[in-house]
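In my numbering, the protein residues as written are 4 to 242.
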């Protein structure tokens, strides 16, 4: 089947990302496998090729607006779902060493199969809760960058994600629309966790009117040992 990659190519060009033939093929392979597996398990509600290019692939890659990924080595993706933003980032920046975490075992198996299909190295998928792995020394404060497209309020997401980020690193939360108010109400929690909001980057997805934002949080000091709290607490009782 022939695919029209124009929107992805133009979008990447606007982001300052150049894709070679192998990378374009990997995006197609990922798309085909995602749609095939989506027939038997719930991975995404978006399956039309052009929509996936914009709403999943380009949206995932948009964090280059906030961070220079050529200078990043280790990335943690919390609540990755079907592999967003982690898989598109790995295709576009093969040097990244990534860990993708999800709470559903079936999705983790899908991701492991995807990594094999695309010929990835230096990448893993782990099954579990963010609160639990954040207490493991192998993961805690080991990452230059933590990313998440998960849908939770920023206070909760920060408690999930900031414990993974090393001092001097970044946490980038992908959000819809305007998030100034949410960011202001989460500022205290973020400070408690050792972070500081550095920027909010607003953008519109190509060929659409979909407004997106990136909340850029810098890790300015180590996260106190009592965070994250036990599983379920950050969601029920945000800081």
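Heads up, the beta-carbon is just placed ideally off N, CA and C, and yes, glycines get one too.
Pick from the options that is closest to residue i, judged by C-alpha positions
i, options, result
"residue 126", "107, 94 and 138", "94"
"residue 154", "50, 215 and 229", "215"
"residue 207", "52, 68, 45 and 46", "68"
"residue 178", "98, 55, 158 and 26", "158"
"residue 70", "192, 142, 25 and 19", "19"
Where residue i falls, given that 16 or more other Cβ within 10 Å makes a residue buried
i, result
"residue 29", "buried"
"residue 4", "exposed"
"residue 227", "exposed"
"residue 117", "buried"
"residue 110", "buried"
Proximity of residue i and residue j at Cβ, strictly below 8 Å
i, j, result
"residue 204", "residue 182", "no"
"residue 89", "residue 101", "yes"
"residue 55", "residue 209", "no"
"residue 85", "residue 46", "yes"
Continuous beta strand (DSSP E) stretch holding residue i: start and end
i, result
"residue 201", "198-207"
"residue 113", "Element bounds for residue 113: not the beta strand (DSSP E) but the alpha helix (DSSP H), 108-121."
"residue 215", "214-222"
"residue 103", "100-105"
Whole-angstrom C-beta distance between residue j and residue i, which should lie under 8 Å
i, j, result
"residue 196", "residue 161", "5 Å"
"residue 147", "residue 224", "16 Å between Cβ atoms; not a contact."
"residue 103", "residue 114", "6 Å"
"residue 72", "residue 96", "5 Å"
Where the alpha helix (DSSP H) through residue i begins and ends
i, result
"residue 60", "Premise fails: residue 60 is in no alpha helix (DSSP H) and is neither H nor E."
"residue 15", "9-18"
Any non-hydrogen atom of the ligand SAM within 7 Å of residue i CB
i, result
"residue 209", "Ligands in the displayed structure: none, and consequently the ligand SAM is not present."
Cβ of residue i within 8 Å of any chain B Cβ
i, result
"residue 130", "Of the protein chains in the structure, only one exists, and it is not chain B."
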